[in-house]
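The block underneath contains the structure these notes are about, expressed in structure tokens.
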Amino acid sequence: MGEDLEIKGDEEVPAWQSIARMKQPYQTATLEDWEVFKEFYESNPDSLFHPLTIDKDYAFHIAESTGSKQLLRDLLEMIPTSRIQEASTQLKDEHGNTALH
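Counted from 1, the sequence shown has number 154 at position 67 by the numbering used here; the numbering is strictly sequential.
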């Protein structure tokens, strides 16, 4: 039985480790503390490319679900130019949706 893996650079990371690493932003999202949520990603922009939930929702999916265009805009502005295509096409949730679906 295979284990879901996330690829970080050349290293494969079990999905459960990625989710465990994302505990802080997940908890701030459940508390709807969007300022702290945003601050986490300002300090950890690479974390934008790690899912927050078991359904593989990324920060962009969470921001989109709040209805706050500003929060989504703020997160999108944190994406390094070299990773814009990856963010817009490859960061899909369990249902195959990107945050921009």
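Glycine residues also receive a C-beta, built at the ideal position from the N, C-alpha and C atoms.
Please confirm whether residue i and residue j have their CB atoms less than 8 Å apart.
i: Tyr128; j: Leu118; result: no
i: Phe124; j: Ala186; result: no
i: Glu181; j: Lys143; result: yes
i: Met165; j: Pro112; result: no
i: His137; j: Arg170; result: no
Thinking residue i and residue j are a contact (beta carbons under 8 Å), I'd like their distance in whole angstroms, please.
i: Leu159; j: Ala150; result: 4 Å
Whose CA, out of the options, lies closest to the CA of residue i?
i: Gly183; options: Ala107, Tyr145, Asp161 and Leu163; result: Tyr145
i: Ala116; options: Thr153, Leu163 and Leu178; result: Thr153
i: Lys156; options: Trp121, Lys179 and Thr176; result: Trp121
i: Glu126; options: Lys110, Asp161 and Ile141; result: Asp161
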